[in-house]
Amino acid sequence: MKKVTVSSFARRKAAGENIVMCTAYDAPFAKFALAAGIDMMLVGDSVGTTVLGFDSTLPVTMEDMIRHTQAVRRGAPEAFLVADMPFMSYQSSLEEGIRNAGRLLKEAGADSVKLEGGAEYAELVSKMVLSGIPVMGHIGLMPQSVQVLGGYKVQGRGDAAVAKLIADAKALEAAGVFAIVLECVPEAAAAEVTQEVSVPTIGIGSGRHCSGQIQVLHDLLGLLDFKPKHAGRYAEIGELVQQALKNYCDDVKNGVFPADENIFTK
Ligand code: KIV
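Numbering follows the numbering used here, in which position 59 of the sequence shown is assigned residue number 91; successive positions increment by one, without gaps.
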């Protein structure tokens, strides 16, 4: 499979072709996602809530992100991989942000990084891009700011908030991002932002008029009890897993497993 490049995403937007993304955190699921035709995968800091058992993304470390990105890379060598910059890996200084972004490319095998924030991070984004690191922006609901936002709430309601989203998107575009995630923004506001920039917008909970969509893998597959309103549910894998493990427990307890075919006779 031919590996996609950052410039191909802007062409896709111009041609009106929807871009499809999902998150991935490990090798087996990355392999499935690649085979399914996902255009790019995000090793999200949502690994904190989906896989590591935290109740927010704040505890996720650079080491977590490197480990999981390496695993996804092994599972999907040809995929275009975006790795999230975790909380406090870029907020404290430009130098630290650039060094950590570089680690995600050099040590973890990502093709690009994503960071949460608007115009206030334009200088950092521009320095990363100048250093050779492709960057995806992320505005709207920014889960790393959940404490400041007072919860996971829809963003971009009202004229002033929409104007701020547009200003942030334009500042990120001018700084050199190749795409922007718009999380939990009303559909009309997301459509306006999408029209105002030439780089693609990738929506999650932001309606139908973004240039593409991203979903959290565990939401898509039904691996978590909690189902956000915006999430597409394409399978109930959690229920299958629960039933399979119950069947295994019953079989061992009842002496049905191991069976003849599971036994070495010599
Ligand atoms: O970490 C993540 O999964 C994300 C998506 C929600 C876009 O940032």
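Yeah, the Cβ is synthetic: ideal placement off N, Cα and C, and Gly gets one too.
Proximity test, residue i beta-carbon vs the ligand KIV heavy atom, cut-off 7 Å
| i | result |
| --- | --- |
| S238 | no |
| H170 | yes |
| V231 | no |
| I51 | no |
| G188 | no |
| G76 | yes |
| I246 | yes |
| V178 | no |
| T101 | no |
| D116 | yes |
| T89 | yes |
| T55 | yes |
CB contact flag (residue i, residue j, <8 Å)
| i | j | result |
| --- | --- | --- |
| P232 | A42 | yes |
| S243 | C216 | no |
| M174 | G149 | yes |
| H250 | A223 | no |
| T82 | Q176 | no |
| L126 | L156 | yes |
| D58 | V92 | no |
| A133 | A203 | no |
| L147 | A108 | no |
| I198 | V213 | no |
| E228 | A267 | no |
| M254 | G270 | The amino acid occupying residue 254 in the given sequence is Gly; Met does not appear at that position. Yes, these two residues count as a Cβ contact at 8 Å. |
| V314 | A115 | Since the displayed the chain opens at 33 and closes at 298, residue 314 lies outside it and no answer follows. |
| F112 | V178 | no |
| V32 | A221 | One cannot answer for residue 32 here, as it falls past the ends of the chain, which runs 33 to 298. |
| A56 | A47 | no |
The ligand MN heavy atom lying under 7 Å from the CB of residue i
| i | result |
| --- | --- |
| E215 | Annotation note on the ligand MN: not contained in the displayed structure, which lists the ligand KIV as its ligands. |
>> Taking contact to mean 3 or more Cβ pairs, one atom from each stretch, closer than 8 Å, check whether the segment 184-198 and the segment 160-167 are in contact.
In response: no
> Is the number of C-beta pairs between the segment 74-82 and the segment 91-100 that are closer than 8 Å three or more?
Replying inline: yes
> At which residue ranges does the segment 60-127 contain complete alpha helix (DSSP H) runs of 4 or more residues, listed in the order of the chain?
Replying inline: 79-82, 94-107
> Contact between the segment 64-72 and the segment 262-271: three or more CB pairs below 8 Å?
Replying inline: no
>> Check whether the segment 48-64 and the segment 136-147 are in contact - that is, three or more C-beta pairs closer than 8 Å.
In response: no
> Of all the beta strand (DSSP E) runs that stay within the bounds of the segment 222-291, which reach a length of 3 or more residues?
Replying inline: 233-236, 244-247
>> Going residue by residue through the segment 169-222, where are the continuous alpha helix (DSSP H) segments of at least 4 residues, counting only ones entirely within it?
In response: 178-181, 191-207
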